[in-house]
Amino acid sequence: MSDCRPEELLAATLADQIPDVRHIAVGAASPIPAAAALLKQARARDRVHVTILHSRRYNSFTDGGRELFDAAAQGRIDVFFLGGVQIDGEANINLVGLGDYPNLTQRFPGCFGAPYMAFVVPNVILFREEHSTRTLVKKVDFVSAPGWSPEGVWRRGGPKALVTGLAVMPFDASRRRFRLASVHPGHTAEDVREATGFDFDMPASVPTTPVPDLSTLGLLRGPIADKLREFYPDFADRVFPVPA
Amino acid sequence: MSSTFSPIPLDDLVAQVRDGMLLAVPADYSGAPMAATRALIRRGAKNLRLVTVPQSTLQADILIGAGCVSEIETAAVTLGEFGTAPCFTRAVLAKKIKVVDATCPAIHAGFQASEKDVPFLPLRGILGSDLLKHRSDWKTVDNPMASGNDPLLLIPAIRPDVALFHAPMADREGNIWIGRRRELATIAHASKTTLVTVERLYDGSFFDDEKMAAGALPAFYVNAVAVAERGAAPVGLFGEYEADIDHLRAYAKEARTEAGFAAYLAREIGAAKAAA
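Heads up: the sequence lines are chains A and B, in that order.
The first sequence begins at 1 in the numbering used here and counts up one residue at a time.
The second sequence begins at 1 in the numbering used here and counts up one residue at a time.
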């Protein structure tokens, strides 16, 4: 399967992390999670709603910017994707900056809705393509959204897994710890350990992340690429070029 | 006729945004008032306290770069797929502006509290975020309706002096058509003064047509309207035109340096120079 592009592997891998649910939502600037959500929808037996905030066609909110958060608060959104400029071993994410806030040495855009969505959405999937000791750190400089909460704090869900350009790592909130579940083709568990700034559980034998089969690739390159072209034209043209 | 409405010139509209005011602006998917922003920069607005509902892109970045902003409450400022917001990033690191970091649902809740004219709204979530360490105005309380321990976060009402946004149309009575971008209604409801630029005037009343009425903001929330064709460009306007991708990409590159931003300001906005 040498002709499977990295973005296709990541979209298929993310889709495999999505449980059977009713409503998957995807935030801004997230073409690979959007592809994953549409792939999950295409392969699901039952009806799956997909909301893609970046899209006009796949964003059916009619009650203003608050509706996403209010719907999520009520449990009407089952899956959401979050990233992080830094992610640490307790699944805390940092979207604000490096340094001792407010005395930052680097500034990132800001928290967006992450501090909220991480609590109210049952299944949060963390996604960060760059897997390095720069992005996956022992402790984030700023906790935009905590990966877990102490007893007594209401919390419906939170991070369930981290998918990167190297690996799939499920998160166990009760133990506040990631586990290496699979390593993408061409890499080893040792590569993952070296590129990760935090400790995690490493089984004696770590499988390779399965590459997407032909029917999955057909979906990604066909109907899903067509849908993505509406709202991520640059991404769709780069990853799924239209044959001349 | 005391019910007559007439639009005013753009410069007269932005003159109502006075230095030091708390100014609410929408996100770039919801009618970014770019023509009005350029007019604000040309008139040399100072010490604006900006609140973005809930985030911003080019609009906040050029206002900050031009030295119009002393403080910003925001959930994020970024150029999205074109990268970080260069003037915002520079100003924060150089401590030229104060950033009041927030999160989208908290900003929405603050505006909703003002709609009801109550001092706060409670929210779930967010507890344990480092945001709380720097938001002494956000309070954690125990749910007074529960018997046990159930902490809730209280978000104080946000009551802007002035709201400024761009929309497709105003009708002959001064009602504004906002379509399904209902956060524009919330921003107007919450603000003491609402200023709107529109693409064009609609000959009639939105309230004569239920389909149009469903997307209308009543004129009694609106203090002044100016016509500004392509008034959101180079940002896009819902249902009207797409963002000018080439412009935004070029901006992201040019504004990486102070000199590049000054050149952009002179060329695109006609402002003599960037304020220090």
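For every residue, glycine included, the Cβ atom is placed at its ideal position computed from N, Cα and C.
Which stretch, first to last residue, makes up the beta strand (DSSP E) that contains E183 (chain B)?
-> No beta strand (DSSP E) contains E183 (chain B), which is instead part of the alpha helix (DSSP H) from E183 to A190.
Thinking C-beta only, is L23 (chain B) closer than 8 angstroms to L48 (chain B)?
-> Yes, Cβ-Cβ distance for L48 (chain B) and L23 (chain B) is below 8 angstroms.
Roughly how many angstroms separate the alpha carbons of D130 (chain B) and N92 (chain A), rounded to a whole number?
-> D130 (chain B) and N92 (chain A) have their C-alpha atoms spaced approximately 10 angstroms apart.
Nonlocal neighbours in the same chain, by C-beta distance under 7 angstroms from R76 (chain A), ignoring five residues either side | Within the same chain, Cβ atoms closer than 7 angstroms to the Cβ of R76 (chain A) are found at H23, the five residues on either side in sequence being excluded.
So, does the CB of V26 (chain A) fall closer than 8 angstroms to a CB anywhere in chain B?
-> The Cβ of V26 (chain A) sits no closer than 8 angstroms to any Cβ of chain B.
Classify A11 (chain A) as buried or exposed, calling it buried when 16 or more other Cβ atoms lie within 10 Å of its own Cβ.
-> Under this definition A11 (chain A) is a buried residue.
Nearest neighbour of R57 (chain A), chosen from A:E230, A:D201 and A:R47 [CA to CA] | Across the set A:E230, A:D201 and A:R47, the C-alpha of A:E230 shows the shortest separation from the C-alpha of R57 (chain A).
Is there at least one Cβ from chain B nearer than 8 angstroms to D63 (chain A)'s Cβ?
-> It does: the Cβ of D63 (chain A) has a partner Cβ on chain B nearer than 8 angstroms.
State the DSSP-derived secondary structure class of S114 (chain B), mapped to helix, strand or coil.
-> For S114 (chain B), the secondary structure class from DSSP, reduced to helix, strand or coil, is helix.
When the cut-off is 8 angstroms and only beta carbons count, does A76 (chain B) lie next to chain A?
-> For A76 (chain B), the answer is yes, since a Cβ of chain A falls inside 8 angstroms of its Cβ.
Note down, in chain order, each residue of its chain lying with its Cβ closer than 6 angstroms to the Cβ of A36 (chain A), except the 5 sequence neighbours on either side.
-> Excluding residues within five positions, the ones whose Cβ falls inside 6 angstroms are A11, L14 and A15.
Check whether the Cβ of S264 (chain A) lies closer than 8 angstroms to any Cβ atom in chain B.
-> Any property of residue 264 (chain A) remains undetermined from this structure, which presents chain A solely from 1 to 244.
Compile a chain-ordered list of the residues in the segment 36-48 of chain A whose CB is closer than 9 angstroms to at least one CB of chain B.
-> Using a CB distance below 9 angstroms, no part of the segment 36-48 of chain A faces chain B.
Give a yes or no on whether 8 angstroms exceeds the smallest Cβ distance from C111 (chain A) to chain B.
-> Under the Cβ criterion of 8 angstroms, C111 (chain A) is counted among the residues facing chain B.
With 8 angstroms as the threshold, decide whether the Cβ of G83 (chain A) is near any Cβ in chain B.
-> No, its Cβ sits nowhere closer than 8 angstroms to a Cβ of chain B.
Sort out for me which residues DSSP pairs Y241 (chain B) with in a bridge.
-> In the DSSP assignment, Y241 (chain B) forms a beta bridge with B:L237.
Is the Cβ of F80 (chain A) closer than 8 angstroms to any Cβ of chain B?
-> For F80 (chain A), the closest Cβ of chain B is not nearer than 8 angstroms.
Quick one: any contact between the segment 204-211 of chain B and the segment 155-164 of chain B, if contact means 3 or more CB pairs under 8 angstroms?
-> Not touching, per the Cβ criterion.
Specify, as a first and last residue, the run of the alpha helix (DSSP H) that R107 (chain A) falls within.
-> Counting along the chain, R107 (chain A) falls outside any alpha helix (DSSP H), though it belongs to the beta strand (DSSP E) covering N103 to R107.
Alpha carbon to alpha carbon, how far is I224 (chain A) from H247 (chain B)?
-> Each residue's CA atom was taken as its position, placing I224 (chain A) and H247 (chain B) some 29 angstroms apart.
Kindly indicate if chain B contains any beta-carbon less than 8 angstroms away from that of V96 (chain A).
-> Yes, because at least one Cβ of chain B sits closer than 8 angstroms to the Cβ of V96 (chain A).
Under a Cβ-count criterion, where at least 16 other Cβ atoms within 10 Å of its own Cβ denotes burial, should P207 (chain A) be classed as buried or exposed?
-> By the C-beta density criterion, P207 (chain A) is exposed, having fewer than 16 other C-beta atoms within 10 angstroms.
Does the Cβ-Cβ distance between V85 (chain A) and I18 (chain A) come in under 8 angstroms?
-> No, these two residues do not count as a Cβ contact at 8 angstroms.
The segment 101-130 of chain B: positions lying closer than 9 angstroms to chain A by Cβ = Those residues of the segment 101-130 of chain B that come within reach of chain A (Cβ to Cβ, closer than 9 angstroms) are D101, A102, T103, C104, P105, A106, I107, H108, A109, F111, Q112, L123, R124, G125, I126, L127, G128, S129 and D130.
Could you spell out where the beta strand (DSSP E) holding A195 (chain A) opens and where it closes?
-> Looking at the DSSP string, A195 (chain A) is not in any beta strand (DSSP E); the run it does join, the alpha helix (DSSP H), is A189 to A195.
Determine the closest residue to I178 (chain B) out of B:A214, B:L121 and B:I62, with distance taken between C-alpha atoms.
-> Of the listed residues, the one whose Cα sits closest to I178 (chain B) is B:A214.
Indicate whether at least one CB of chain A lies closer than 8 angstroms to the CB of D150 (chain B).
-> Chain A, which has a Cβ nearer than 8 angstroms to the Cβ of D150 (chain B), makes this yes.
Could you check if G80 (chain B) is buried or exposed, using at least 16 other CB atoms within 10 Å of its CB as the buried criterion?
-> By the 16-neighbour rule on beta-carbons within 10 angstroms, G80 (chain B) is buried.
Name the chain A residues that come within less than 9 angstroms of T186 (chain B), Cβ to Cβ?
-> Contact of T186 (chain B) with chain A by beta-carbon distance below 9 angstroms involves G64, G65 and R66.
According to DSSP, residues forming a beta bridge with D101 (chain B) | Listed as beta-bridge partners of D101 (chain B) by DSSP are B:T74.
Could you work out which residue in B:A167, B:T186, B:V196 and B:T103 is closest to Q55 (chain B) when comparing CA atoms only?
-> The shortest Cα separation from Q55 (chain B) among B:A167, B:T186, B:V196 and B:T103 belongs to B:T103.
For Q59 (chain B), which of helix, strand or coil comes out of DSSP?
-> Residue state, collapsed to three classes: helix.
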